[in-house]
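**Student:**
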Amino acid sequence: MFFIKALPRLSLLLLAGTYCNFGWTLATAESPWWVWVLCIVFIFLMAEALAAPWSIIRTISVRWLKSDYRTFFTVLLGAFFLVVFLSWLDISAYGLALLVSAAIARLDLQTGPFRPWQDFLILFVVATLGLSLGWALSLIF
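First residue of the sequence shown? That's 15 in the working numbering, and the numbers climb one at a time after it.
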């Protein structure tokens, strides 16, 4: 029962709501099955990236950016993704809203008594349930 009381309800409700909206949008657009699979993979990777210890990410990024060629390649790739992001702003806004709501939920989970793997599971389950709820609601209404 302590586990339920320690959950940040408002931020998890925001996370579920944004994914519910996204699921509804995908269902009304009649997206193929592989788009739904990619969305679940995105949810998994997003939850893993947010719940991963920062020391691991810092170690990998420092090791990757030791070479000037890799740094240059990373800057070019970042500039390309920025152009794609700004060109497809209507699509990118959905991804940004999903990522921001997950980050807010992760920050609230950090203040609680949860371990990183529990944070990962909570983020993954709530986001997947929100996506499923959006799909189910689009079928009902």
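All C-beta atoms, glycine included, are put in the ideal place defined by N, C-alpha and C.
Counting pairs of Cβ atoms below 8 Å between the stretch 37 to 54 and the stretch 143 to 155, do you hit three or more?
**Tutor:** Touching, yes.
**Student:** Comparing alpha-carbon positions, which option in W50, V49 and F138 lies nearest A63?
**Tutor:** As a first step, residue 63 must be located in the sequence shown, where it is residue number 49. The shortest Cα separation from A63 among W50, V49 and F138 belongs to F138.
**Student:** For a quick check, are the C-beta atoms of A65 and F128 less than 7 Å apart?
**Tutor:** Mapped onto the sequence shown, residue 65 falls at position 51. Mapped onto the sequence shown, residue 128 falls at position 114. Cβ distance not < 7 Å, so A65 and F128 don't count as in contact.
**Student:** Name the residue from L29, A20 and C53 whose alpha carbon lies nearest to the alpha carbon of A111.
**Tutor:** The residue you call residue 111 lines up with position 97 of the sequence shown. For the residues L29, A20 and C53, the minimum Cα distance to A111 belongs to L29.
**Student:** Buried or exposed for I105, please, with buried defined as at least 16 other CB atoms from any protein chain shown within 10 angstroms of its CB.
**Tutor:** The count along the sequence shown starts at 1 and reaches residue 105 at position 91. Label assigned to I105: exposed.
**Student:** What's the C-alpha gap between L100 and A43?
**Tutor:** Here residue 100 refers to the residue found at position 86 when the sequence shown is read from its first residue. Here residue 43 refers to the residue found at position 29 when the sequence shown is read from its first residue. One C-alpha to the other measures close to 22 Å.
**Student:** Taking the alpha carbon of L52 as the reference point, which residue from L153, L151, T142 and L79 has its own alpha carbon closest?
**Tutor:** To locate residue 52, count along the sequence shown from 1; it is residue 38. For L52, the nearest C-alpha among the options comes from T142.
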